[in-house]
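Below: one structure, written as structure tokens.
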Amino acid sequence: MTKLRIQKRLFVLLAVGPAFAGYMLFTLYPNLMSAYYSLLDWNGISSARFIGLSNFKRMFGDEYMWAALRHSLIYAVTVPLLILVISLFLAYLLTNRGYRESAFYKVLFFFPNVLPMVVIALIWAFIYDGNFGLLNSVLKGLTFDYDGYYWLGDEKIAFWALIPPQVWGGVGFYLIIFMNAMIAIPKSLYESAILDGATHFQRLTVITLPLMNGIIRVCLLFMVLGIFKTIDIVLILTNGGPAGSTDVIGLYMFNLSFGKGVAGGGMHTYGYASAIGMFLFVILVGAKLLIDKLIPNKQVEF
Amino acid sequence: MKQKNGFADYSWRLLMALWAIGILFPLLWIVFESLKTNREFFADIWSIPEKLKWVNYANAWTLLGVKQSMFNTLYYIGLSLLIGMFFTTVNAYALTRLDFRGRKLIWAMIMLSLFLPGINALVPQYVLMRSFSLTNSLTGLVILDSLGESALYLMLLGGFMASLPKEVEESAYVDGASLFKVFYKIIVPLSIPGIVTVAIFKFMGLYNNFLGPLIYLSDPRKYTIGLNIYYLNILMQYKTNWVTLFASVIITLIPLVFVYVLFQRQIMEGTTIGAVKG
Chain A
1 MTKLRIQKRL FVLLAVGPAF AGYMLFTLYP NLMSAYYSLL DWNGISSARF IGLSNFKRMF
61 GDEYMWAALR HSLIYAVTVP LLILVISLFL AYLLTNRGYR ESAFYKVLFF FPNVLPMVVI
121 ALIWAFIYDG NFGLLNSVLK GLTFDYDGYY WLGDEKIAFW ALIPPQVWGG VGFYLIIFMN
181 AMIAIPKSLY ESAILDGATH FQRLTVITLP LMNGIIRVCL LFMVLGIFKT IDIVLILTNG
241 GPAGSTDVIG LYMFNLSFGK GVAGGGMHTY GYASAIGMFL FVILVGAKLL IDKLIPNKQV
301 EF
Chain B
1001 MKQKNGFADY SWRLLMALWA IGILFPLLWI VFESLKTNRE FFADIWSIPE KLKWVNYANA
1061 WTLLGVKQSM FNTLYYIGLS LLIGMFFTTV NAYALTRLDF RGRKLIWAMI MLSLFLPGIN
1121 ALVPQYVLMR SFSLTNSLTG LVILDSLGES ALYLMLLGGF MASLPKEVEE SAYVDGASLF
1181 KVFYKIIVPL SIPGIVTVAI FKFMGLYNNF LGPLIYLSDP RKYTIGLNIY YLNILMQYKT
1241 NWVTLFASVI ITLIPLVFVY VLFQRQIMEG TTIGAVKG
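Line by line, the protein sequences give chains A and B. Okay, so the first sequence: first residue is 1 according to the working numbering, each after it adds one. Okay, so the second sequence: first residue is 1001 according to the working numbering, each after it adds one.
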């Protein structure tokens, strides 16, 4: 048996050793370092200067940061709710109503989830284009003339115009999760409800949704945290513009670190960007606690 | 359940059909426009092309850097997948089926990354990569992505391996097989479904990775496919060659459509497992 023990030691050493070292170096260490960076005045090239909490002081007085955070907050409420309602509704129809086309829809509705964010963003850029966009052209067919109107170029509209792409790309993933959760609910529960004369709506609100409480909660958490971390789709579609009207907290931080001086003015302000990153971390924890509180975790047995 | 035909059913079916159109229509529209000439496209976006312009695809492939970026992506994904899958598989085995001191601690430390936001690590990660001179390099991206984060995949595959019965190894040990032999003759073959699922998810994650290449690659000859169409889109605001851009977008989608059609069952099952465990 000692031979086996040596083999085991060797295997663990070779298997876990390099991977764990890589993980520590490329994942854990950078996460810890960002806390330290937030205390520095550093552009990544010149020597770093320790400035204590000055970055945080600057951050709380930074109106661009607050605007970006406000945008993120609005998205974090609207986008998850829309995705939740649409995906739950579609999941219910697909699992509880045996339409002929349901099997095809299941495959199609999930499809946007496998698309790269760049492609989703470009599709919507083509839809919203002023002169050759799909939307204006369809509206024209319905006798509304928006020719030459750039949906993403209008300060008041661009912010809201970014919601449909996020919903469009997000529904498929949750739809599949909700469908599988619905299939797991015993049929017998519905049968007795039908005998008691419950309508579809009653069955949905009294049986299906309460039994899915746990999974809905997890999904909502996933979505909200994801929205706060959003960078790519906004970066590609508007890069925070026009005039900062679509800037979100993740993108603001990203542009402060790597950007070409778009939103906040400066670039490569690593220290300040890291301070915002730390603040974002606090917001994410806060969002999690808030969701835990708002949606009580009722354990349902069936 | 039976097909019903009440008024409500018609409206539900209509709603689902609308959602289906909302997904399909923009995609088909891009395919349609990608087969026209620019002149036809600018004159009227609904006009039927006189002749299907497959040459747009050839132009996108050779003139707009799609070919180069596709090969770059192939290199980046191939190598990351190979190294990453190797590490994920051996680690999933070691961390779920071998007993050794410190195992629980290592597992807990890796799972910690699931709770980190990740977004604040971008800057220190960049500084780290720069100090190793791994920026502006596809190989650098490979190193970052195959060693950097794998907690979710480790959990997926580890869960799969943990569910294999203990007896499969024990009888082999009694027959005098070595641990390495047990691993690659018994554990790996039995874990193929789990390995395939994780590999598909890794593939899609790598193919769709946008921020990594955006941050690290500055040389256009090193662009990945996603980064390439991002810059093409910016370029097209000055150089109006839309039909070729449309063709590039469709070319980008083709590998994903293939993977989706082939592995649709694994993708949908893996989605559920990941969500339930996460």
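Ideal Cβ positions, reconstructed from N, Cα and C, are used throughout, including at glycine. Quick caveat: nothing in here was measured; it's all calculated off a predicted structure.
| Beta carbon proximity, Pro1124 of chain B to chain A, threshold 8 Å | At least one chain A Cβ lies under 8 Å of Pro1124 of chain B.
| List, in order along the chain, the chain B residues whose C-beta lies closer than 7 Å to that of Ile231 of chain A? | Neighbours of Ile231 of chain A on chain B, chain order: Leu1211.
| message | Please return the same chain residues whose Cβ sits closer than 8 Å to the Cβ of Gly240 of chain A, not counting the five positions on each side in sequence. | response | The beta carbon of Gly240 of chain A is closer than 8 Å to those of Ala68, Val234, Thr246, Asp247, Val248, Leu251, Tyr252, Asn255, Val262 and Ala263 in its chain, skipping five residues each way along the sequence.
| N- and C-terminal bounds of the alpha helix (DSSP H) containing Asn1228 of chain B | Start and end: Ile1225 to Leu1235.
| request: Run the CB neighbour count on Gly1078 of chain B, radius 10 Å, all protein chains shown included, and call it buried at 16 or more, exposed below. | output: So Gly1078 of chain B ends up on the exposed side.
| message | Would Ile1187 of chain B and Tyr1126 of chain B be called neighbours here (beta carbons separated by less than 8 Å)? | response | No. Outside cutoff.
| query | Do Ser1137 of chain B and Phe1087 of chain B have their C-beta atoms within less than 8 Å of each other? | reply | Contact flag unset, no.
| task | Give the DSSP bridge partners of Asp41 of chain A, in chain order. | result | A:Arg49.
| message | Closer than 7 Å between beta carbons: that is the criterion. Which residues of the stretch 1250-1264 of chain B meet it against chain A? | response | So the close ones are Thr1252, Leu1253, Leu1256, Tyr1260 and Gln1264.
| field | Residue nearest to Arg58 of chain A in terms of C-alpha spacing, selected from A:Asp292, A:Ile283, A:Ser274 and A:Leu93 | value | Per the Cα distances, A:Ser274.
| Residues of chain A with CB under 7 Å from Leu1152 of chain B, in chain order? | Near Leu1152 of chain B there are no residues of chain A at all, since even the closest Cβ is about 12 Å away, more than 7 Å.
| request: Give me the Cα-Cα distance between Gly153 of chain A and Phe132 of chain A, rounded to the nearest whole angstrom. | output: Straight-line spacing of the CA atoms in Gly153 of chain A and Phe132 of chain A works out to 14 Å.
| Span of the alpha helix (DSSP H) around Arg1101 of chain B | Where Arg1101 of chain B is concerned, there is no enclosing alpha helix (DSSP H), given that its DSSP letter is neither H nor E.
| request: Using a Cβ cut-off of 8 Å (strictly closer), state whether Asn1241 of chain B contacts chain A. | output: Residue contact with chain A for Asn1241 of chain B: absent (no Cβ-Cβ distance below 8 Å to any residue of chain A).
| task | Please check if any C-beta of chain B sits within less than 8 Å of the C-beta of Gln202 of chain A. | result | Judged by the 8 Å Cβ criterion, Gln202 of chain A is not in contact with chain B.
| request: Compare the C-beta of Ile1135 of chain B with all C-beta atoms of chain A and state if any pair is closer than 8 Å. | output: The sequence given here has Thr at residue 1135 of chain B, not Ile. For Thr1135 of chain B, the answer is no, since every Cβ of chain A falls outside 8 Å of its Cβ.
| So, are the CB atoms of Gln7 of chain A and Ser1178 of chain B less than 8 Å apart? | Yes.
| request: Indicate whether at least one CB of chain A lies closer than 8 Å to the CB of Tyr1230 of chain B. | output: Interface residue, yes.
| said: Give me the chain A residues within the contact set of Gly1226 of chain B, using Cβ-Cβ distance strictly less than 9 Å, ordered along the chain. | reply: What Gly1226 of chain B touches in chain A, judged by beta-carbon distance under 9 Å, is Pro116, Met117, Val118 and Val119, going in chain order.
| query | What number of angstroms, rounded off, separates the C-alpha of Phe173 of chain A from the C-alpha of Phe110 of chain A? | reply | Between Phe173 of chain A and Phe110 of chain A, the C-alpha separation is close to 6 Å.
| Taking the alpha carbon of Leu175 of chain A as the point to measure from, which residue in A:Ile74, A:Ala48, A:Pro112 and A:Gln202 has its own alpha carbon closest? | If we check each option's Cα against that of Leu175 of chain A, A:Pro112 comes out closest.
| task | Could you confirm whether any beta carbon from chain A is found closer than 8 Å to the beta carbon of Phe1032 of chain B? | result | No - not a single Cβ of chain A is within 8 Å of the one on Phe1032 of chain B.
| Does the stretch 1253-1267 of chain B touch the stretch 1049-1056 of chain B, meaning 3 or more C-beta pairs lie closer than 8 Å? | Counting Cβ pairs under 8 Å, fewer than three are found: no touch.
| field | Inter-stretch contact at 8 Å, needing at least 3 Cβ pairs: the stretch 1246-1255 of chain B / the stretch 1089-1105 of chain B | value | Under the Cβ criterion (8 Å, minimum of three pairs), the stretch 1246-1255 of chain B does not count as touching the stretch 1089-1105 of chain B.
| CB contact flag (Ser38 of chain A, Gly259 of chain A, <8 Å) | Against a cut-off of 8 Å, the Cβ pair of Gly259 of chain A and Ser38 of chain A comes out as no contact.
| Can you tell me whether Asn297 of chain A is buried or exposed, with buried defined as 16 or more other CB within 10 angstroms of its CB? | Burial call: exposed.
| Per-residue contacts from Thr238 of chain A into chain B (C-beta, under 7 Å) | Contact note: Thr238 of chain A does not reach chain B at a C-beta cutoff of 7 Å; the least C-beta distance is about 13 Å.
| task | Could you spell out the range, first to last residue, of the alpha helix (DSSP H) harbouring Phe111 of chain A? | result | From DSSP, Phe111 of chain A is part of no alpha helix (DSSP H); its letter is neither H nor E.
| field | Separation of Gly148 of chain A from Glu1033 of chain B, as counted between CA atoms | value | Per the coordinates, the alpha-carbon of Glu1033 of chain B lies some 19 Å from the alpha-carbon of Gly148 of chain A.
| task | Give a yes or no on whether the minimum CB-CB distance between Gly250 of chain A and chain B is below 8 Å. | result | Among the residues facing chain B, Gly250 of chain A is included, as its CB has a counterpart in that chain under 8 Å away.
| query | Beta-carbon of Val282 of chain A versus every beta-carbon of chain B: anything under 8 Å? | reply | So, not an interface residue.
| query | On the premise that Thr1073 of chain B lies in contact with Thr1224 of chain B, defined as a C-beta separation below 8 Å, what is that separation, rounded to the nearest angstrom? | reply | Indeed, because the Cβ distance is near 5 Å, the residues count as touching under 8 Å.
| Can you list, in chain order, the residues of its chain whose CB lies under 7 Å from that of Lys1036 of chain B, leaving out five sequence neighbours each side? | Leaving aside the five residues that flank Lys1036 of chain B on each side, the residues in its chain whose CB is nearer than 7 Å to its CB run, in chain order, Pro1049, Lys1053 and Val1243.
| Is DSSP giving Glu155 of chain A helix, strand or coil here? | Look at Glu155 of chain A here: in three-state DSSP terms it is coil, with no helix or strand label.
| Taking the alpha carbon of Leu13 of chain A as the point to measure from, which residue in B:Asn1038, B:Asn1209 and B:Arg1103 has its own alpha carbon closest? | When only C-alpha atoms are compared, the closest one is B:Arg1103.
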